[in-house]
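Under the working numbering, the first residue of the sequence shown carries the number -3, and numbering increases by one thereafter. No residue lacks a Cβ here, since even glycine has one placed at the ideal position from N, Cα and C.
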Amino acid sequence: MDQETNTFLTADLRFLRQINRLAVLDVVRQRGPISRTDISRVIKLTPATSFTIVDELVKMGLLRPQGIGSSTGGRRPTLFEFNPTAFFVLGVDIGGLGKMIAVLADLDGNVLARAASELAVGEGPAGVIARIVASLKQVILEAGVERHALRGVGIATPGLADPRTGRIIYSANLGWQDIAIADPVEQAMGLPTWVENNANAMALGESWCGAGRGFQNVICLNVGVGIGAGIVIRGKLYRGSGGLAGEIGHTTVDEDGPRCRCGNHGCLEALAAGPAIARRAVRGIRRGTVTRIADLVQGKLEYVTAEVVSQAAALGDPFALQILEEAGQYVGLGVANLINSLNPDVVVIGGGVAQAGEVFFAGVRRAVAARALQLSAAQARIVPAKLGMDAGAVGATTLVLERSLAS
Ligand SMILES: [Zn+2]
């Protein structure tokens, strides 16, 4: 066997092992205490394979024996449960809006300590990395967790990240291009560190311990300053060839639409992300629409943001409600395309714009009902994200668990 074939085989086997371990872990987490025979029945692995995996996970501390089941004829089987405190994990969300959040969590996404800080405009990579390290040290101290119980650090970042090299390829929000992020943090903390785009991190978090928990195929949409999606298939993040999958924000929904920051016209992001919502509000006010939005910023239109539009909507302002419903409908077009392409169990929608709540979701559901194929639309629940502002940071912690299972 030549070298290349061998490499492929090893990578495939490692991938398969990671998938199987994830599946076993998830079944025990959802249904435990459970016997090895029942695990193999649920996930349709051969008993030999699932017995081996259970043993490996017990060795890693992730599963532990918990009682004896009832006999089905032979010896009474040992039952196993998930151990969410086998080790602890650190997560950082660099954030797109100048807010950085660091957490220390257990393996079930329970946050033991949290630190939030504002990033100064134009703060360079060195400053941000120093702040990440300081925040991580702070949450370790606060949680009182011993160093040896920590397994690694996950970092969620806006823009394009390369999980293999640990570098941020490009981030419009941060104004960064090709910046090493994982290595300097790893060196400073003495812990293995991984980086991932924030929509992907959010998707991992929501599917492991948020609104997508218990589902196999989960799409998670982040609608904020930009629009991105993370795609989880059979419990595993789908990254694409180069880690760039899920850029749903740059699919065309209106050929003659406004110019997007990517250079194209009529991208979903250019019509429904936060800045587009603010722009539409300002345009309406300039045209003479009477709305509470103008009152909330005391006439200073440069202060209109999607958040202000949401505030006005909460006060019952008809124009604000209309803008958010329309934004929801555009997002719904993107969601309908994803549902038709991927037939997911659940579509989780989070991010700043989704905080607008029911009016926004009503728009999404209306567009999906009109555009997606009936059968796949009926199978896909559309739900708000559960992890809120911590979604990116908690999602980043699940990177550590995911990578630990690959070893
Ligand atoms: Zn675009």
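Check whether residue i and residue j have beta carbons under 8 Å apart
i	j	result
I151	A402	no
A126	A111	no
F76	P61	yes
V149	L86	yes
G455	G224	Residue 455 is absent from the model: the chain starts at -3 and stops at 403.
I244	L338	no
A268	V305	no
G270	A316	no
G206	V344	yes
G239	T394	no
Exposure label - residue i; buried when at least 16 CB within 10 Å
i	result
N194	buried
A197	buried
C216	buried
M(-3)	In this prediction, M(-3) has a pLDDT of 43, which is less than 50 and means its spatial position is unreliable; what the coordinates show is noted afterwards. Looking at its Cβ environment, which holds fewer than 16 other Cβ atoms inside 10 Å, M(-3) is exposed.
A387	buried
T81	exposed
N106	exposed
D89	buried
P154	buried
T42	exposed
A389	buried
R10	exposed
L170	buried
L320	buried
T189	buried
Y299	exposed
G220	buried
Cα-Cα separation between residue i and residue j, rounded to whole angstroms
i	j	result
L311	V286	14 Å
K95	A309	24 Å
R143	L397	17 Å
H261	A332	20 Å
V135	Y166	28 Å
G236	T68	44 Å
K382	V349	14 Å
T1	L12	With a pLDDT of 49 at T1, under the threshold of 50, the predicted position of this residue should be treated as unreliable, though the coordinate-derived value follows. Roughly 16 Å separates the two Cα atoms.
G328	V54	43 Å
F356	D341	21 Å
Q14	S203	16 Å
G384	R160	28 Å
D250	A272	14 Å
A363	A376	14 Å
Y234	Q294	45 Å
Sequence-distant residues of the same chain with beta carbon closer than 7 Å to residue i, five excluded per side
i	result
I281	T287, I289, A290, L297
P29	Q62, G63, L75, F76, E77
C258	H246
I49	N16, R17, V20
P121	W172, I175
S66	R72
Q404	Residue 404 lies beyond the stretch modelled for the chain, which goes from -3 to 403, so this question has no answer here.
A352	S306, A309, L320
Close beta carbons around residue i, own chain, < 6 Å, minus the five adjacent residues each side
i	result
A199	C216, G226, V228
Near ligand 2: residue i beta-carbon under 7 Å from a heavy atom
i	result
N213	What this structure holds is ligand 1, not ligand 2.
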